[in-house]
Amino acid sequence: MVSIDEWQEWLSKKQELLEKLAFNANTQCIFVRRREMRGLRRVIRERKTLLEELAAVNRSLHEAGDGICQKHFQSVLDAMTVRQSEVLADSTQAIAEARTEREKIATELRQIRLGRNLQRHYVRSWEQVQFKSGGRINRKG
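Residue numbers (our numbering): 102 to 242.
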């Protein structure tokens, strides 16, 4: 049997992790908009560890599913469920922003690549032909 103090400790830990995950999702959005990959990688690593910790806390709460403690903390559990859905919505929004930004980056890279190919294959090839023959395409006869 799990004591009320342990339940309270797990619930406070879960609340803390949810707040950190919400802050993390907002930070992800900022790094995505700025296109800072190094910072984004760090934030994603932090997010992974936070999610692992949250899963461990949820597992502990589920395994110690004491009916008395659940009734005692039902209002807190309901508030955390709402907060967890908000964090999930924020995370979904961050992922959607990352996808759109990735598409923008891919489009920009394609445009740059097309421009480089045009310069390499058309403009410079004509310049080389022109300079190799002394600046004239047809010789004076």
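Where a beta carbon is used, it is the ideal one built from N, C-alpha and C, also for glycine.
Everything numeric in this text was worked out from a predicted model, so none of it was measured.
Residue i versus the options, residue with shortest Cα-Cα distance
i: L152; options: V133, R200, I105 and Q116; result: Q116
i: I178; options: S104, D106 and S113; result: Sequence check: residue 178 is Leu here, not Ile. L178 has its Cα closest to that of S113, out of S104, D106 and S113.
i: A156; options: L141, L118 and K205; result: L118
i: T182; options: R146, E120, I105 and V103; result: E120
i: Q109; options: N159, R134, V133 and L141; result: N159
i: I145; options: S192, R221, A165 and Q212; result: S192
As assigned by DSSP and simplified to three states, the class of residue i
i: F174; result: coil
i: E137; result: coil
i: S186; result: helix
i: V103; result: coil
i: G166; result: coil
Cβ-based burial, residue i [other Cβ within 10 Å; buried from 16]
i: N218; result: exposed
i: L122; result: buried
i: N125; result: buried
i: V188; result: buried
i: Q129; result: buried
i: A195; result: buried
i: L162; result: buried
request  = Pair every Cβ in the stretch 129 to 139 with every Cβ in the stretch 190 to 207, then say whether three or more of these pairs are closer than 8 angstroms.
outcome  = Judged by Cβ distances under 8 angstroms, the stretch 129 to 139 makes contact with the stretch 190 to 207, as three or more pairs qualify.
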